[in-house]
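Chains as they are written, first to last, in the numbering used here: chain A, 6 to 311; chain B, 443 to 618. Just so you know, even glycine gets a beta-carbon here, dropped at the ideal spot from N, CA and C. First comes the structure, then the notes that go with it.
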């Protein structure tokens, strides 16, 4: 692996499989009475979060603690960022205290790449703007593989706000790299131009995307990133693009339904579907810890980079 | 390069160790076998079969991966991280006599890591160590309870234990 994990775009198929296989071994640690191994003892990991996050931050923190790293969390609401400090200045000051890894979430696409250029510490992208969220795509792939034993040849439908979604971008890159048949669907205002060049089928028909799908991945409507009228109303969005139990029937009988969370019940997904038998949403959360342990081990478990 | 143990010899060695285990522990009721990945795992399974043949009791068997407990992780070059595989111990080790199984005993560092890993699963009554080959050159105060063969070696040499389950044949060879 390289020094940092900035995006799925930088990973080869082999590296992706190495991460998924390592995560299999890490999962078992979470089932032990003592859920801790000494692997990253003496290493320091900073979780630097410029955007609100419950799942991802907690998941990283648990992963770090299970590997015995020392962790500290910096939430921007309580930091000097409010006093006007820039991202690079904050990072350089943190670097002066010699952490081994910085896990960064930031609202600007490319923030992690910027830090990776100026920092000695390893940077793990925990979501940068509308760009990538690599550990989410890895945990999604891990969850799919657990249920289907493979990724190659599966029909995966990704539905919702494709434009603002870093989860979509990382997943499309990963799934096409591993040979899945990826279909994306959403309102035309929320389909990024040129997405077809990434090797996916684009359709405005949710039913067409879902037909015979092995996997349905729902994306959250990101109202916080929407400046302007992308959808007429949330009720209309639900009736045209929302995942209902009626719609699920078009997929394969053994379909699994993923959602990166947090879910908007009754907006992109009906409550009974989110809580229903095909949903693996909570498994995704559990698997997130194992996948992040794998990434941390593979990046930081070895000797210092020169 | 000299082959110092062939398939026939290995089979008899394991059978002998099986008898020693029973003699020393006076029965199998509290025993459990834990093989250290990679080659300790098939060896532990073979010993379980031998113990069953002799005593007509099933001895629970598990697999231990010690990668995350190694003391040399920090010395590895970036990118060359050892592969972590699953640890599977599907029984409680509390109050059992654990037979830890590995192919070669050398510096003792693997066993040190394995003891650390094992103890996090509970509090066994005792841990005993089974190895096919003891080649000397210990760097830690660790000693095997059951040894297939003592092999005096130079540190420049390497000892390969090959097992049918992994390598297609059973033998022990000294190289270098």
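I'd like to know if residue i contacts chain A, where contact means its C-beta is closer than 8 Å to some C-beta of that chain.
i                      : result
residue 537 of chain B : no
residue 577 of chain B : no
residue 544 of chain B : no
residue 515 of chain B : yes
residue 528 of chain B : yes
residue 507 of chain B : yes
residue 510 of chain B : yes
residue 562 of chain B : yes
residue 523 of chain B : yes
For the candidate residues the options, whose alpha-carbon lies nearest to that of residue i?
i                      : options                    : result
residue 483 of chain B : B/614, B/574, B/601        : B/574
residue 579 of chain B : B/567, B/601, B/571        : B/601
residue 535 of chain B : B/560, B/548, B/551        : B/560
residue 550 of chain B : B/583, B/480, B/528        : B/583
residue 459 of chain B : B/530, B/508, B/541        : B/541
residue 234 of chain A : A/221, A/195, A/258        : A/195
residue 133 of chain A : A/127, A/146, A/119        : A/119
residue 109 of chain A : A/77, A/156, A/208, A/290  : A/77
residue 498 of chain B : B/596, B/470, B/477, B/512 : B/470
residue 35 of chain A  : B/530, B/446, B/553        : B/530
residue 123 of chain A : A/100, A/141, A/140, A/300 : A/100
residue 229 of chain A : A/240, A/248, A/169        : A/169
Ends of the alpha helix (DSSP H) at residue i?
i                      : result
residue 91 of chain A  : That residue, residue 91 of chain A, is in no alpha helix (DSSP H); it is neither H nor E in DSSP.
residue 302 of chain A : 286-305
residue 271 of chain A : Here residue 271 of chain A belongs to no alpha helix (DSSP H), and DSSP marks it neither H nor E.
residue 22 of chain A  : 18-34
residue 129 of chain A : That residue, residue 129 of chain A, is in no alpha helix (DSSP H); its beta strand (DSSP E) goes 127-133.
residue 77 of chain A  : Note, residue 77 of chain A: premise wrong, no alpha helix (DSSP H); beta strand (DSSP E) at 75-80.
residue 363 of chain A : For residue 363 of chain A there is no data in the structure shown, the boundaries of chain A being 6 and 311.
For residue i, write down the residues that DSSP places opposite it in a beta bridge.
i                      : result
residue 206 of chain A : A/188
residue 100 of chain A : DSSP output for residue 100 of chain A lists no bridge partner at all.
residue 615 of chain B : B/445, B/602
residue 160 of chain A : A/186
residue 570 of chain B : B/541
residue 223 of chain A : A/164
By the criterion of Cβ-Cβ separation under 8 Å, what are the contact partners of residue i in chain D?
i                      : result
residue 445 of chain B : The structure shown has no chain D; the protein chains it does contain are A and B.
Would you say residue i touches the ligand PLP, meaning its beta carbon is less than 7 Å from a heavy atom?
i                      : result
residue 263 of chain A : The ligand PLP is not part of this structure, which contains no ligands at all.
Going by other Cβ atoms of all chains shown within 10 Å of its Cβ, with 16 needed for buried, is residue i buried or exposed?
i                      : result
residue 98 of chain A  : exposed
residue 38 of chain A  : exposed
residue 566 of chain B : buried
With a threshold of 8 Å between beta carbons, is residue i in contact with chain B?
i                      : result
residue 39 of chain A  : yes
residue 267 of chain A : no
residue 288 of chain A : no
residue 30 of chain A  : yes
residue 33 of chain A  : yes
residue 316 of chain A : Since the displayed chain A opens at 6 and closes at 311, residue 316 of chain A lies outside it and no answer follows.
For the beta strand (DSSP E) containing residue i, list its first residue and its last residue.
i                      : result
residue 213 of chain A : Careful: residue 213 of chain A lies outside any beta strand (DSSP E), inside the alpha helix (DSSP H) at 211-215.
residue 482 of chain B : Unbroken run through residue 482 of chain B is the alpha helix (DSSP H), 482-497; no beta strand (DSSP E).
residue 263 of chain A : 261-263
residue 476 of chain B : 473-478
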